[in-house]
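For the sequence shown, position 629 matches number 2124 in our numbering, and the numbering has no gaps at all. Glycine is no exception: its CB is placed at the ideal position from the N, C-alpha and C atoms. To start, the structure under review is shown below, and the notes come after it.
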Amino acid sequence: MVTDYDVIDNVSVNTRNNMASLSSPQSSQECIVRYLATMHDFFFIWRHSRPPPKRQDSDELYLRVSVDLGEQLFGHRKSLDNLWDNHKKSHTGEQPDVDSDFWRTKELLKLCVPPLYKMPTGLASFSVNRVKKKIRPSSAAANLQTYPGYSSGLYDTSVRPATASTSVSYLSKRPATQAGGPRRPWQQRPTTESRGEKDIVKQPRRLTLGAVDGIAEAEALIRPGLPHGTAAHQLKSKIEEKINIDTLEELKRAFQLADVDRTGCLQLSEFKQLLKSQLSLSPNKEQQIDALFMKIDWASEGSITWDEFCTYMQLEYAEKEDSYLRAKEVAFHLPARIENLPHRDPVLRITDTSDGTFVACSQDGMVSFWSANADLKRTRSVVNSDVNTRQKPKWITDFVIMPHFNKFIVGTGDREIQFFELSSFEPYCQISGLETVPLKLDYSSTGYDECLILYGDSQGCVNILVIKSAGECLRTWKKMPRQDGFIASISLDVVAGCPNVQFIRWYVHGDWVQQIKYYHEIGQVISCSNHSATALVIGCTVGSTHVEQQLKEVKELGQDKSKQKAVYAYLNTKSRLDADKSVFKVYKGVKCFNFSKDKNIMITGGMDRIIRLWNPYVSGKPTAMLRGHNAPIFYLFIAEEDDRIFSVSTDRCIKVWDIQDHNCLLTVRPKGHKIRGDLQAIHYSTVSKALAIATDQMSCLGLRLRPVLHADIVISHKEPVTCCKYNPSFKQVVTASDGSVIKLWDFETGMAIFDYGEAHGDSAITTMSFDSTGRRLITGGRDGILRIWNYNNGHCLKMLKKEEGNEEVCDVTYIEMNRNRYVVAVGWDRRINIYYDSHSDSNIHHVQHPAPYWHDDLTNGHKEDILAVAQCLPNLLATASYDGETIVWNMVSGHIFCHLLAPPPPKYEDQSLDGDLSINALVFLQTRAYKKECASLVASGPRAHIHMWNVFQGGKLMAQFPGSKMPGAMVSTMQTTKNNIALYTGDSFGFIYIWNMDGYCADGIEQNPPELIKSWRGHVSSLTCLELVEDYNVVLTGSVDCAVRMWTMDGEYIGTFGQPDPWDLYNPSTYQHPMVPYDVLIDPMSLPTHPLLAEKQTTHEVIHMDSAKGSDDESDGGHSPTPLIVPFGKQQFYIDDETIAKQLKEKPLNATGKRLRHEKLKPVKIDRGGPSEYRMLRTYNLADTPQPNPPTFKVNKDNPFDFYID
């Protein structure tokens, strides 16, 4: 009987004989065509002459064919390329049928020629039903190819990076476990349109590494230094980022050539042409060129020089570098928190749980639990203390936590692996009979009810237990006989013979295993040792075997089913194939390592005191070497979220490195952290952001993080925000903080663009304003100095201050009147300081002093600190002070136009000791500027009331109304729309109010407050600034809570500047609405007022509430209808329609979402009769208070005036 294998052998032999006589590419192509036709006929007959084959049998035959095809077609790769090219040309536009035999034969060629066509990674094993032996075909060749590769584009559906690998296997099924990585469903190769001949290009050799396939499974790797996200990519695409030191020389020569009129300056049109030609900019960059020109031309002269261009670029990059370094700052809380250890023996390892608790175990079996502040919580023991027959105590080698099954795993010197309950530390079971001592342990969950347990031993071997149905296996092991009446024991040979357990032992290192770790993301085991030749090895778990050898074993097992699996587990020790591992050779070996899949880097450290950064694909040479330690490296950790590397050497020196720049950010020496003794174990917790170090004592080093209040809240500044302004010229938002930091934000996305600190030294920035062109920023600080900036690059153009006696500046405004420009500042000096602003001033970089004070200001001006200033074109200026006085000035003459003093509101009670007289904001209604019967000036005070003033005829108060609904709140900021229809106010409790000012106080005095259109809470602290951007219908708010937020004019929350996910101003789906800021949500003051809680009731009223209601009902004379009672029947309750309508109108809580659900689910107290809790209170008689003894005075006999109390 002729079998399928015989047919394949005959076809392959004939093809080999024909190819051996071929010499020309033309004849080789013909032979390939003949062979494909033969294979096509065979598969057609094989599939249609019997029932449909099983998937396993089909794949087995394909693999059998691949054994010979790989050798036969290896020398004819170019012919095969040309063959498929011709096939593509003849079938242009035709979509291949993935189920056709011809297509499956073509897929077979992909598998058969690994040197020419890259096999999909993760090609896993499949199981044959007739045997229980797993077949694992080899994955992609791990050796780095030294010949150039040719990408024909026949099979690659997407262009991959040079070190990337495909993540889908098309010709194989997943193995029984997920040890090789996450489970993926079976997928056929998607059909794609054939690419033209022009896409077939020669590429440099591709570096492939089979042992670490799957590390870069993502389509686009996120590498250090690359921008993340669309918004960041847009910021990186700025023109300034395209200019470097190389292009600067070319720009200088082109700058001179572009100067057509030979004036040494370039106009905007010349500047556009220059940048487009030299930087090859696209037409859509014209807006950026215009913005760059405006940034350089801060004086609005219409032209720029080469010196101005270079100055701008140099200062911008310098400030960006400072900003970058400030963002990288890191610090520990020093000295470390140190506590005594309860352990008598050295600590083996420290790890942490999901809640940030540190777990430490010593050699004597004592386990201790510590908080993030190094507070000892509890201790347990994993050693049987009842057995006294041992001459020496049991020696614990390592431990690991099994969180998915709530188990605590330890390795012992008696060659055992013991399992304990993590909650109670009761003994569960143990695996005994290990031939070697498990020095290092590791555990990883590979899927539902599947896991891996790994340990490294003193022989340099990596031992792996692949467990399916782990819960069932543990329960079965627990039923085994107990050893010494302490713990159930099962031997390793019995475990290895279980159907759900597979024991694998690899000989990997030439020395003891120092560290072992399985990474499920890549499905690989990484281990290290002090042996230089095998310092670090990345290898597979189950491994792959040569196809011929596998088929031979399958055939033997199929013929002789009496052969059984070897019982002795350690007899199967073998070395991995070269295709299954990647070896990193390091001088003096590796003591510790860490790996990050997200960053695609691996770090190692050892006796040579050098930290090496590796690309996992390239084992020949590290990508970077970090030098600085003076002792062997003891511990390494990659903090992916912060882009940092933590390293500790044996001399207790701690260093923090930056992943992107490869520079040292922080060094903490023993004198700083005060840790003493030899290092035993170290662990960094990503939950608590702390470093736990065990020596003779337990020490904890916590990172200096943002305050706890801001731990889960997005903030824009590290300090309270004082100012916020929008610049329409550049579509940027400029904010300033109490820490003298100025930040620039992209208005459309909320992403940070630029920031610079120490704008006013150590003094806070209190106010800011733009000039009339919007290209310069004016800031005032607590140092009493005004500074004018080219804020786009942090260049201070001018400094404005008095000759002496500079005090805090509270408000500033920029005025342009009669072609003259002025900077007007007010503050604690109680004077109006006017500075002339002239671009033609030759001393532009020098200090400028204010103009002489007005005479009325000196004689009849403010008596208290001036807090606010506002202007009304063309010549009115208003100032308000701390004592509640408002003065309107004529700027042309400098005389006082009117004094405004508001009377106290009726029935008003002062909320503070100073009487709440301060006025924090002034606003002129420009549309009513010179309407003598209207109120044109709005003041935010005094006494927490908004006042409407008519400034003509000596000043007249038109209306006053409370500016906040919260008692004790002061109005801190105000803004009005351009048409003066709506007034936006913010108070000291973070609430924002919108008042309808349309027609209010336009005809006379108003007794009632204006209509409140809407109110919401934007911050939990006092608002310090509020800015309206009517072109985009948004509101910007800044607060003492360090956040700057954007809202729609209807109060919908868009986002907080600095949040991780940028918003798109033109896409409302990216807004945070309907959510609100988290801190606002959880703050009790944000809860709406309940009608019952809002009523002020005394204790007597609460106690007698029911009786009072009863008396009211009796006085009304109304009686509710008595329901009809049916004797010996079920009680019926009748409710009339009026009661139902009344209950529907009553709303217990005006809330939605979580608050409403909380109220609905709140348990309702049921009145079951009997006396109330108040009546059941016990009363006691008051004891008489004893009278205190009066003090006795004693007099010094020598000095009659010296007396004291005894």
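Smallest Cα separation from residue i: which of the options?
i, options, result
"H2341", "H2004, L2160, L2295, A1965", "L2295"
"T2519", "Y2348, A2231, P2165", "A2231"
"Y2566", "V2515, K2509, T2543, L2131", "T2543"
"E1781", "G2379, D2257, Q1768", "Q1768"
"D2556", "K2473, T2244, R2122, A2320", "T2244"
"D1847", "G1928, M1897, N1835, K1823", "M1897"
"T2422", "Y2377, G2494, H2440, A2416", "G2494"
"C2159", "P2399, Y2573, V2143, F2447", "V2143"
"E2380", "H2390, K2358, L2371", "K2358"
"P2462", "E2501, V2418, W2490, D2411", "D2411"
"N2474", "G2481, A2439, S2435, L2420", "L2420"
"C2291", "T2308, F2447, G2252", "G2252"
"T2103", "F1998, H2124, S1940", "For the record, residue 2103 in the displayed sequence is Asp; it is not Thr. Minimum Cα distance to D2103 is reached at H2124."
"V2236", "S2258, R2326, L2582", "S2258"
"Y1938", "Q2366, E2547, I1959", "I1959"
"D2278", "E2299, Y2286, S2267, G2269", "E2299"
"V2008", "A1965, R2000, G1955", "G1955"
Which class does residue i belong to by DSSP, given the choice of helix, strand or coil?
i, result
"W1801", "helix"
"Y2756", "Shown here, the chain extends from 1496 to 2701; a query on residue 2756 therefore has no answer."
"P1615", "Note that P1615 scores 34 on pLDDT, short of 50, meaning its location in the model is unreliable and no value can be drawn from it."
"G2172", "coil"
"Q1640", "Because Q1640 carries a pLDDT of 29, less than 50, the predicted location of this residue cannot be relied on, and the following value inherits that uncertainty. It is coil, neither helix nor strand."
"P2462", "coil"
"I2549", "strand"
"D2250", "strand"
"M2453", "strand"
"Y2221", "strand"
"N1868", "coil"
"G2197", "strand"
"T2702", "Absent from the model: residue 2702. The displayed extent of the chain is 1496 to 2701, so no value can be given."
"I2414", "coil"
For the beta strand (DSSP E) containing residue i, list its first residue and its last residue.
i, result
"K2312", "For the sequence presented, residue 2312 should be read as Met rather than Lys. Per DSSP, M2312 belongs to the beta strand (DSSP E) from 2304-2312."
"Q2130", "With the sequence shown as reference, residue 2130 is identified as Tyr, and Gln is not the correct amino acid for it. From DSSP, the beta strand (DSSP E) with Y2130 extends over 2128-2134."
"K2116", "Element bounds for K2116: n/a, residue is neither H nor E."
"L2478", "2477-2482"
"H2290", "2290-2295"
"Y2675", "Segment: none, Y2675 is in no beta strand (DSSP E) and carries neither H nor E."
Between which two residues does the alpha helix (DSSP H) containing residue i stretch?
i, result
"S1772", "1763-1774"
"Y2566", "Neither: Y2566 is in no alpha helix (DSSP H) and is coded neither H nor E."
"W1972", "1965-1973"
"K1790", "1781-1791"
"N2067", "No alpha helix (DSSP H) holds N2067; DSSP gives it neither H nor E."
"N2355", "2350-2355"
"Y1950", "It is not in any alpha helix (DSSP H) - Y1950 instead sits in the beta strand (DSSP E) that spans 1945-1951."
What's the call for residue i, buried or exposed, on a 16-neighbour Cβ count within 10 Å?
i, result
"V2466", "buried"
"K2150", "buried"
"Y2014", "buried"
"N2355", "exposed"
"Q2502", "exposed"
"I2577", "exposed"
"N2415", "buried"
"E2682", "One detail in the question is off: residue 2682 reads as Gln in this sequence, not Glu. Classification of Q2682: exposed, given that the 10 Å Cβ count is below 16."
"A1826", "exposed"
Any 3 or more C-beta pairs closer than 8 Å across the region 2521-2537 and the region 2444-2459 = no
Mind the definition here: the region 2320-2327 touches the region 1835-1853 only if three or more C-beta pairs lie below 8 Å; say whether that holds.
-> no
Does the count of Cβ pairs from the region 2084-2091 and the region 2021-2035 closer than 8 Å reach three?
-> yes
Flag this pair as touching only if the region 1946-1955 and the region 1970-1988 have three or more C-beta atom pairs under 8 Å; answer yes or no.
-> no
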